[in-house]
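Some notes on the structure that comes next.
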């Protein structure tokens, strides 16, 4: 059990079998890896007088306090905070916490195979080999690390998504070409797609999105290669399909559009379908996927249904929903906030991590009426609750942004008198790409061009988002903008995006 990275029977186990499998895997992980080798969770267990052996299954996880993004994110006082979540065994910890059979095996290997073999084996199993980032404080992104086996788990989850999306079923894998329009970035969305396509054995064109290859060239590539699938951020894929429709492109070869990285609604998927049909596509699926960096994987809807929810992985992790007010569990099918726990892993591992994602429709445990898989399914209507212990979060151009970062950038700039940030959608179309506009009143004598470059650079560093425009206004004109919402309070961050 402990050496099994994932189950090949993951989508066919009965719910009783899933529960038994999950409980055994969690108990082993907590007792033999998480508590011994995670500095953060060893302190958390000890401070709360929780014995690791008392965690015998997922029902016992309720004894643990929640973990928040603020617990992981670095700051100027503790820039090394994320390291506390990385499993890092050493000789002293192994001697103190490892079970006797494990210590005996290590000693035997040291005698018969040598000390270097033992050290090399530990490095192979635990040393990080891959890094991604999520939003942090004050311009310091939060790194999330993967071991070799963690990368394999991410790739396997990606392969499962390709399988659930129809590859190998309604879409033949033979000679199929997939256009990956996810932006090149050290983020889960791109790497999940890249690794998943590779593990599924699918030929892919990784375009880097519109900022790298350009939308017109991507549309041309889809036409010329007769691509079977397009994968990308919802806003950008909608923009790409709209441009393809306007120029009369032939996308009749496309059988799948898979979008992830931002909230995607049923109406957004319907609009994408209408644009696909305008480009000649007939038999197609538009599916959504949900992921977050701390889970180090994503979950998708299935073909052909598409509206039966995000299919979870009972062999890799445990997802529960809680009432955000009472923090207690909710019943099957009831709304709640998504809380994540890994069942196994190395690198960065989190337990009872509150994501801030609110799921309307909850989790259901009956077999999927569309594909028949016997896995828990998360309702597709997922929105971000916003405020979450020190962070005010929103998705912007596919990046998870702490809105407080805008204030920090401008307040620390001595040439800025006042400011406002406006977030909207291109053409006020709720399905289009996000637009970020910055308005600044500067102090007398400031070099506007130099200031423009500085503001853009610092915003990109703090939020990973490039503003569409930076406009300099007089202080009087900016005050009018700040108070234009009809209230007394000045609004420095205005989100004008219409609901999909």
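Residue numbers (this note's numbering): 255 to 754.
Using N, Cα and C, we set each Cβ at its ideal position, and we do this for glycine too.
Predicted model only: the values in this text are computed from it and were never measured.
Out of curiosity, what's the CA-to-CA distance linking residue i and residue j?
{"i": "residue 417", "j": "residue 647", "result": "32 Å"}
{"i": "residue 604", "j": "residue 549", "result": "8 Å"}
{"i": "residue 488", "j": "residue 653", "result": "12 Å"}
{"i": "residue 742", "j": "residue 664", "result": "Low local confidence applies: a pLDDT of 47 at residue 742 is under 50, so the model's placement there is unreliable, and no value is given."}
{"i": "residue 457", "j": "residue 508", "result": "14 Å"}
{"i": "residue 310", "j": "residue 277", "result": "6 Å"}
{"i": "residue 397", "j": "residue 333", "result": "11 Å"}
{"i": "residue 386", "j": "residue 730", "result": "43 Å"}
{"i": "residue 283", "j": "residue 448", "result": "28 Å"}
{"i": "residue 274", "j": "residue 268", "result": "10 Å"}
{"i": "residue 636", "j": "residue 518", "result": "8 Å"}
{"i": "residue 535", "j": "residue 505", "result": "6 Å"}
{"i": "residue 588", "j": "residue 627", "result": "21 Å"}
{"i": "residue 750", "j": "residue 578", "result": "26 Å"}
{"i": "residue 401", "j": "residue 382", "result": "4 Å"}
{"i": "residue 522", "j": "residue 405", "result": "31 Å"}
{"i": "residue 620", "j": "residue 423", "result": "22 Å"}
{"i": "residue 555", "j": "residue 672", "result": "44 Å"}
{"i": "residue 528", "j": "residue 429", "result": "26 Å"}
{"i": "residue 502", "j": "residue 485", "result": "20 Å"}
{"i": "residue 443", "j": "residue 551", "result": "9 Å"}
{"i": "residue 363", "j": "residue 263", "result": "32 Å"}
{"i": "residue 355", "j": "residue 287", "result": "14 Å"}
Please say whether residue j and residue i have beta carbons closer to each other than 9 Å?
{"i": "residue 542", "j": "residue 567", "result": "no"}
{"i": "residue 323", "j": "residue 610", "result": "yes"}
{"i": "residue 343", "j": "residue 376", "result": "yes"}
{"i": "residue 546", "j": "residue 612", "result": "no"}
{"i": "residue 575", "j": "residue 561", "result": "no"}
{"i": "residue 475", "j": "residue 499", "result": "no"}
{"i": "residue 512", "j": "residue 482", "result": "no"}
{"i": "residue 493", "j": "residue 419", "result": "no"}
{"i": "residue 260", "j": "residue 410", "result": "yes"}
{"i": "residue 328", "j": "residue 394", "result": "yes"}
{"i": "residue 431", "j": "residue 479", "result": "yes"}
{"i": "residue 360", "j": "residue 290", "result": "no"}
{"i": "residue 725", "j": "residue 689", "result": "no"}
{"i": "residue 623", "j": "residue 272", "result": "no"}
{"i": "residue 414", "j": "residue 450", "result": "yes"}
{"i": "residue 308", "j": "residue 314", "result": "yes"}
{"i": "residue 752", "j": "residue 684", "result": "yes"}
{"i": "residue 412", "j": "residue 435", "result": "no"}
{"i": "residue 691", "j": "residue 723", "result": "yes"}
{"i": "residue 570", "j": "residue 597", "result": "yes"}
Per DSSP, residue i is paired with what?
{"i": "residue 434", "result": "460 and 485"}
{"i": "residue 605", "result": "The partner list for residue 605 (beta bridge, DSSP) is empty, contrary to what the question assumes."}
{"i": "residue 416", "result": "Its beta-bridge partners do not exist; DSSP assigns none."}
{"i": "residue 565", "result": "554 and 631"}
{"i": "residue 638", "result": "611"}
{"i": "residue 508", "result": "Note: residue 508 sits in no beta bridge, so no partner."}
{"i": "residue 395", "result": "Paired residues: none, contrary to the question."}
{"i": "residue 321", "result": "607"}
{"i": "residue 800", "result": "Past the edges of the chain, shown from 255 to 754, lies residue 800, and the structure says nothing about it."}
{"i": "residue 758", "result": "Since the first and last residues shown for the chain are 255 and 754, residue 758 lies out of range."}
{"i": "residue 688", "result": "679"}
{"i": "residue 749", "result": "677"}
{"i": "residue 590", "result": "613"}
For residue i, does the three-state DSSP call read helix, strand or coil?
{"i": "residue 474", "result": "helix"}
{"i": "residue 600", "result": "coil"}
{"i": "residue 522", "result": "helix"}
{"i": "residue 383", "result": "coil"}
{"i": "residue 365", "result": "helix"}
{"i": "residue 309", "result": "coil"}
{"i": "residue 741", "result": "Its pLDDT being 49, under 50, residue 741 is placed unreliably by the model, and nothing is read from it."}
{"i": "residue 675", "result": "strand"}
{"i": "residue 389", "result": "strand"}
{"i": "residue 716", "result": "helix"}
{"i": "residue 275", "result": "helix"}
{"i": "residue 513", "result": "strand"}
{"i": "residue 541", "result": "strand"}
Quick one: what's got a C-beta closer than 6 Å to residue i's C-beta in the same chain, skipping five residues either side?
{"i": "residue 717", "result": "655 and 659"}
{"i": "residue 497", "result": "469"}
{"i": "residue 607", "result": "321, 548 and 594"}
{"i": "residue 256", "result": "Low confidence applies here, because residue 256 scores a pLDDT of 45, under 50, leaving its location unreliable; read the following figure in that light. For residue 256, where only same-chain residues beyond five positions count, the Cβ hits under 6 Å are 282."}
{"i": "residue 746", "result": "674"}
Between residue i and the ligand FAD, is there a pair consisting of the residue's CB and a ligand heavy atom that are separated by less than 8 Å?
{"i": "residue 693", "result": "This structure does not include the ligand FAD; it has no bound ligands of any sort."}
Enumerate in chain order the residues of its own chain whose CB-to-CB distance from residue i is below 8 Å, with the five nearest sequence positions on each side excluded.
{"i": "residue 748", "result": "674, 675, 676, 677 and 739"}
{"i": "residue 316", "result": "583"}
Could you name the residues of the same chain whose beta carbon sits closer than 7 Å to that of residue i, not counting the 5 residues immediately before and after it, in chain order?
{"i": "residue 705", "result": "669 and 696"}
{"i": "residue 293", "result": "338"}
{"i": "residue 251", "result": "Because residue 251 is not part of the residues shown, which for the chain are 255 to 754, the question remains open."}
Check whether the Cβ of residue i lies closer than 9 Å to any Cβ atom in chain C.
{"i": "residue 618", "result": "Although the question refers to chain C, the structure presented lacks it and comprises just one protein chain."}
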